[in-house]
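Engineer: Let me give you the structure first, and then I'll get to my questions.
2 protein chains.
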Amino acid sequence: MVQCVVQFASPTVDQWQTATVISLGILDRSSAIPLHEQIAHGLRAAVLSGRVGVGDAVPSTRALAADLGVARGTVVAAYEILAGEGYLLTTPGGGTVVADIVVQPAVVRPAVVRPAVVRPAVGRAASVATPETVPDAQVDLSPGRPRTEGVADAAWRSAWRRAAALDPEPDVDDARGDGVLRAEIARHLGRTRGLDVAADDVLVTAGTSDAMLLTLVSLRSANARKPLRVGIEDPGYPRVRMILRRLGIEPVPIPVRVKSGLDLDALARQRGLDALIVTPNHHYPLGSRLDADQRARLLTWATREDVLVIEDDYDSEFPHGRAPLPPLSLLDPSRVVLIGSLSKVLTPAVRCGWVVASGAAGERIRATREDLDLPVSLVQQHALALYLAEGDLARHAARRRRDYRHRRRLLLEAFADLPDVELTATDGGLHAVVLLRGRDVVAEREIVAEVAARGIRVEPLSRYAVSQAASPLPAGIVFGYAAPSTVVLLEAVGVMIDVLRAHVDR
Amino acid sequence: MVQCVVQFASPTVDQWQTATVISLGILDRSSAIPLHEQIAHGLRAAVLSGRVGVGDAVPSTRALAADLGVARGTVVAAYEILAGEGYLLTTPGGGTVVADIVVQPAVVRPAVVRPAVVRPAVGRAASVATPETVPDAQVDLSPGRPRTEGVADAAWRSAWRRAAALDPEPDVDDARGDGVLRAEIARHLGRTRGLDVAADDVLVTAGTSDAMLLTLVSLRSANARKPLRVGIEDPGYPRVRMILRRLGIEPVPIPVRVKSGLDLDALARQRGLDALIVTPNHHYPLGSRLDADQRARLLTWATREDVLVIEDDYDSEFPHGRAPLPPLSLLDPSRVVLIGSLSKVLTPAVRCGWVVASGAAGERIRATREDLDLPVSLVQQHALALYLAEGDLARHAARRRRDYRHRRRLLLEAFADLPDVELTATDGGLHAVVLLRGRDVVAEREIVAEVAARGIRVEPLSRYAVSQAASPLPAGIVFGYAAPSTVVLLEAVGVMIDVLRAHVDR
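So the protein lines, in turn, are chains H and G. Note that numbering that gives the first Met the number 0 gives residue 297 to position 298 of the first sequence, counting from 1, and the numbers run on in steps of one. Note that numbering that gives the first Met the number 0 gives residue 326 to position 327 of the second sequence, counting from 1, and the numbers run on in steps of one.
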């Protein structure tokens, strides 16, 4: 056990001249609570107590680690939790200071929040939140939104600054995208997904939607006068249906079961599909994953039926509860087109994604891109190439992975004791699904509306259904847990739980 | 007459300590040669003579203007000519220095080039160029490429730096694009095209191709099962045909005549078209323009036939020989969808354009964009919004306008005496067409190949033809004159003229 003090530097007329010394409390190495959470807990308490002020600088990770006799990474992890929660802020100069928690989104009312967040590992963190703490302000928990605070750090700004200093070329040489960025995307896929992809098989796209549009237009133009039919998951990503509809392609829903995932028997009965769009690694939104046997069955079917498989690998940088499986495209690169993006791991604001395709499908997609033109800014391609090449994306992803896992653990605790409710889809990514046992679509809509009335946006699971008839879905709530600070998230989750409890009591 | 000296500062151990004083020669106010060209001429001679060295700083425009007793704008114009020619370079610090002319593209061999560029207003500038001066290096004179050297100036870099310092939003709120950028595009269209457009009617796109794709997909999905037919100009922009083909839409070629432009009689005979894509302000590539009567006829026909008109306003920031006419969309905003981009006025590297659409067509396009998603990076949208808002695009466009007009004048002189050749399409934009009287497609291809063999890329006019049968096109060469430095351009044009002369002599 270590009793220790932390010295914060406060800005005065001459910067960082005065120091506030606070006690961190006692670190207990025999506790089940990891050391970094204990440190975070102590620092959080110091901030909430007002013993340190807004703008005070925390000690360097190196200094604090030495003081506490822990590894430096332990302190880094503690700071990241607090940054994720909104208590700490990295300044443009590179220092880390106490954030002005009061200027967080209006939903945060520190006086009420404090008890909840000071003991996240003890009670159900969010259960103390009360309706009064959520004013009109909207907390957007719609799924798919990553946490972007802190993305614009020194490495990010440096990459853009250098990219903007180049004279912007007068023409777009390669419709597949900048060669350096394609090589970096291939490297990223090797590191995060175990893929051995040639840069030549990578096309840069303006995100997943553009990748989907491109792939479907290439399919459309390869089958000029024939009506096209494309299998999609039911429930599934709504935008896929919209893009198909806009291109005049018939979507064919294939049921996805809550427990067992894509219904491969139903798929096996399908004849005459031209393509199948799937999320085999973390079904959107239910969270199931195809295991090795299911993958083999799917590909056997696709080969027999000569169907192009479009694998939407949308959030696999964030495996949580289990080791990730390699993408389908590793098993049959000529049959499977892999689509991914930086939207979840970094931010959708960059609108940058990729298609990995080889063989005849790859040729068709490349030729289609030549005709349609590349929609991705070269300035941005250069900036992202630098950001990836220098390891900054990998570092950012590692930070977010820790932050999201911490959030996921808090959520699992918060929902653990709730009757007739199951929190699912938590084995990866940045969203979760609350399944509502014995409730129907009417109750689902009511709950979403009541949560919305209290300033929090979540989505009904039925929104993802293609055809209720084909695949009777349980009632459920889909929400993202990555975008707001942990403080705001926990309070919003508290409101959701209040609403759910009230519904049970009816 | 003013005899004057110019003081260049040379970098040494302590920057800008030594000064080189050179004589500019005599300014002749009674000469037909404008003062700024005389100043440019004198400075150019000083650089070429080696009297000033690479990296030497030129005097400030204010100081030189005072020394010479001319308006400051006159010196600015002279510097811009020299920057356009590659002799001067703006440094990141904001100073203007003598460029390292030897590191220009390999085609420049100063020893040979000098006589030509020292007297641009005297003889046909490029006529001294000889085959030996063009080695393997490729000079790309394919049309549509703006000059991008110097775009990355202090204002540009500052806009990107500030945009990259913002945390990149976790979601895309408005599929039409950032509100500030839309307002700035509306203002840009007001200033350059006399349009009074509401920001609400502007959609940001990833360039012209994306705008075209979006508009055509919206047309496609509004007419789900019906085969679509869209009128296009013949000759015309090849990419339009490719996009139509990829979407399974039938292109219907409407002839464009060299002298009279779009054949409105042929158009009037058309029935059942769903849309018409035109370049009424500067036909691509022939350069003709629809006059007020022709515009009225076109719109009367479109209204009678209920055809959507898609106006590709691709380079109208650069009117040269005549005052610009306002876009078609001003006459009937609900019938005409206006498409434009920053590709010509700034650089295609940003992949940023717009669709201006109101009424039912506007609603359909907006709804389509909601479904397809916005492909344009928000970081870039913020950077461009700042760049436009602070007047930097307008300043850049003004500089380029002067530079391109200067180039155009040199071209008109260079081609003036050539037998059986007519330089056309020069009333605006950044490309020109050499019409070859009495020659056929075979000769056209031969000339393009011979020019290419000498390291210069130009395009045969026949490349733009949709159907040779429908619209017998004269033989011609299409080339851009904006991208390379003026020095390189003039030498390349000299090679073209050599090849053309050799063909006449056969």
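Backbone N, C-alpha and C fix where the C-beta goes; we use that ideal spot for every residue, glycine too. Keep in mind it's a predicted model, so treat the numbers as computed, not measured.
Listing by chain order, which chain G residues have their CB less than 7 angstroms from the CB of residue 147 of chain H?
Structural biologist: Near residue 147 of chain H (Cβ distances below 7 angstroms), the residues of chain G are 166, 167, 168, 169.
Engineer: Compile a chain-ordered list of the residues in the stretch 267-286 of chain H whose CB is closer than 9 angstroms to at least one CB of chain G.
Structural biologist: Cβ contacts with chain G: none found.
Engineer: Express the C-alpha separation of residue 41 of chain H and residue 490 of chain H in angstroms, rounding to a whole number.
Structural biologist: Those two C-alpha atoms are separated by around 20 angstroms.
Engineer: Is the stretch 262-282 of chain G touching the stretch 294-308 of chain G, taking contact as three or more C-beta pairs under 8 angstroms?
Structural biologist: Short answer: they touch.
Engineer: When you compare only the Cα positions, how much space is there between residue 343 of chain G and residue 301 of chain H?
Structural biologist: Residue 343 of chain G and residue 301 of chain H: Cα-Cα distance of roughly 46 angstroms.
Engineer: Quick check on the burial criterion: 16 or more other C-beta atoms within 10 angstroms. Buried or exposed for residue 362 of chain G?
Structural biologist: Under this definition residue 362 of chain G is an exposed residue.
Engineer: Report the residue ranges of all alpha helix (DSSP H) runs contained in full by the stretch 358-446 of chain H; include only those spanning at least 4 residues, in chain order.
Structural biologist: Taking only runs of at least 4 residues, the alpha helix (DSSP H) segments lying wholly in the stretch 358-446 of chain H are 358-371, 377-388, 391-414.
Engineer: What residue range is occupied by the uninterrupted alpha helix (DSSP H) comprising residue 268 of chain H?
Structural biologist: Neither: residue 268 of chain H is in no alpha helix (DSSP H) and is coded neither H nor E.
Engineer: Can you round the beta-carbon distance between residue 139 of chain H and residue 406 of chain H to whole angstroms, since I take them to be within the 8 angstroms contact cut?
Structural biologist: Going by Cβ atoms, the distance from residue 139 of chain H to residue 406 of chain H rounds to 15 angstroms, so no, they are not a contact pair.
Engineer: For residue 380 of chain H, does the count of other Cβ atoms within 10 angstroms reach 16, so buried, or fall short, so exposed?
Structural biologist: It is buried - the Cβ of residue 380 of chain H has at least 16 other Cβ atoms within 10 Å.
Engineer: So which residues on chain H does residue 206 of chain G lean against when the C-beta distance must stay under 8 angstroms?
Structural biologist: Simply 372, 374.
Engineer: Residue 211 of chain G and residue 253 of chain G look like a contact to me (Cβ under 8 angstroms); what is the Cβ gap, rounded to whole Å?
Structural biologist: The Cβ separation is near 17 angstroms, so there is no contact.
Engineer: From this set, H/348, H/251, H/449, which residue's C-alpha is nearest residue 494 of chain H's C-alpha?
Structural biologist: Checking every option, the nearest Cα to that of residue 494 of chain H belongs to H/449.
Engineer: Write down the C-beta distance between residue 247 of chain G and residue 219 of chain H rounded to the nearest angstrom, noting that I regard them as a contact closer than 8 angstroms.
Structural biologist: About 6 angstroms separates the two Cβ atoms, so the contact holds.
Engineer: Since residue 234 of chain G contacts residue 255 of chain G with CB under 8 angstroms, what's their CB separation in whole angstroms?
Structural biologist: With a Cβ gap of about 6 angstroms, residue 234 of chain G and residue 255 of chain G count as contacting.
Engineer: Rounded to the nearest angstrom, what separates residue 336 of chain H and residue 145 of chain H at their Cα positions?
Structural biologist: Approximately 25 angstroms, taken between the alpha carbons.
Engineer: Mapping the DSSP letters down to three states, classify residue 147 of chain H as helix, strand or coil.
Structural biologist: Here residue 147 of chain H sits in coil by DSSP.
Engineer: Looking at the unbroken alpha helix (DSSP H) that takes in residue 249 of chain H, where does it start and where does it end?
Structural biologist: Counting along the chain, residue 249 of chain H falls outside any alpha helix (DSSP H), though it belongs to the beta strand (DSSP E) covering 249-256.
Engineer: Give the single residue among G/391, G/500, G/290 whose Cα lies nearest to the Cα of residue 152 of chain G.
Structural biologist: Nearest C-alpha to residue 152 of chain G: G/391.
Engineer: Is it true that the CB of residue 492 of chain G sits closer than 9 angstroms to the CB of residue 415 of chain G?
Structural biologist: It is not a contact, given that the beta carbons lie outside the stated cut-off.
Engineer: Quick one: which residues of the stretch 193-225 of chain H get their C-beta closer than 7 angstroms to a C-beta of chain G? List them in chain order.
Structural biologist: So the list reads 205, 206, 208, 209, 212, 216, 219, 220, 223, given in the order they occur along the chain.
Engineer: List, in chain order, every chain H residue whose beta-carbon is nearer than 8 angstroms to that of residue 142 of chain G.
Structural biologist: Chain H residues near residue 142 of chain G: none, gap ~11 angstroms exceeds 8 angstroms.
Engineer: Output, in sequence order along the chain, the residues in the stretch 235-258 of chain H whose CB is closer than 8 angstroms to any CB in chain G.
Structural biologist: Residues 238, 241, 242, 244, 245, 246, 247.
Engineer: Would you kindly check if the distance between the Cβ of residue 384 of chain G and the Cβ of residue 180 of chain G is under 9 angstroms?
Structural biologist: In this structure, residue 384 of chain G lies closer than 9 angstroms to residue 180 of chain G by Cβ.
Engineer: State yes or no: is the beta carbon of residue 356 of chain G nearer than 9 angstroms to at least one beta carbon in chain H?
Structural biologist: So, not an interface residue.
Engineer: Using beta-carbon positions only, say whether residue 473 of chain H and residue 460 of chain H come within less than 9 angstroms of one another.
Structural biologist: Going by C-beta atoms, residue 473 of chain H is nearer than 9 angstroms to residue 460 of chain H.
Engineer: 9 angstroms is my cut-off, CB to CB: does residue 346 of chain H come that close to chain G?
Structural biologist: Output row for residue 346 of chain H: interface = yes.
Engineer: Give the C-beta separation of residue 141 of chain H and residue 479 of chain H to the nearest angstrom, bearing in mind that I take them to be a contact with Cβ-Cβ under 8 angstroms.
Structural biologist: Between residue 479 of chain H and residue 141 of chain H the Cβ distance is about 6 angstroms, and since that is below 8 angstroms, they are a contact.
Engineer: Keeping to the same chain, check which residues put their C-beta closer than 7 angstroms to that of residue 176 of chain H; ignore five residues upstream and five downstream.
Structural biologist: Answer for residue 176 of chain H: 202, 203, 373, 375, 380, listed in chain order.
Engineer: Using alpha carbons as the reference points, say which of G/436, G/269, G/410, G/408 lies closest to residue 420 of chain G.
Structural biologist: Considering only alpha carbons, the answer is G/436.
Engineer: Is residue 186 of chain G helix, strand or coil by DSSP?
Structural biologist: The answer is helix: DSSP assigns residue 186 of chain G an H, G or I state.
Engineer: So residue 137 of chain H packs on residue 454 of chain H, CB below 8 angstroms; how close in whole Å?
Structural biologist: Confirmed, Cβ separation roughly 6 angstroms.
Engineer: What residues in its chain sit with their C-beta under 8 angstroms from that of residue 386 of chain G, if we drop five residues either side in the sequence?
Structural biologist: Excluding sequence neighbours, residue 386 of chain G sits near 154, 155, 158, 392.
Engineer: Are there 16 or more other CB atoms within 10 angstroms of the CB of residue 249 of chain G, so buried, or fewer, so exposed?
Structural biologist: It is exposed - the Cβ of residue 249 of chain G has fewer than 16 other Cβ atoms within 10 Å.
Engineer: Under 8 angstroms Cβ-Cβ, which residues of chain G neighbour residue 367 of chain H?
Structural biologist: The answer, in chain order, is 245.
Engineer: From residue 29 of chain G to residue 35 of chain G, what does the alpha carbon distance come to, in whole angstroms?
Structural biologist: Roughly 13 angstroms between the two C-alpha positions.
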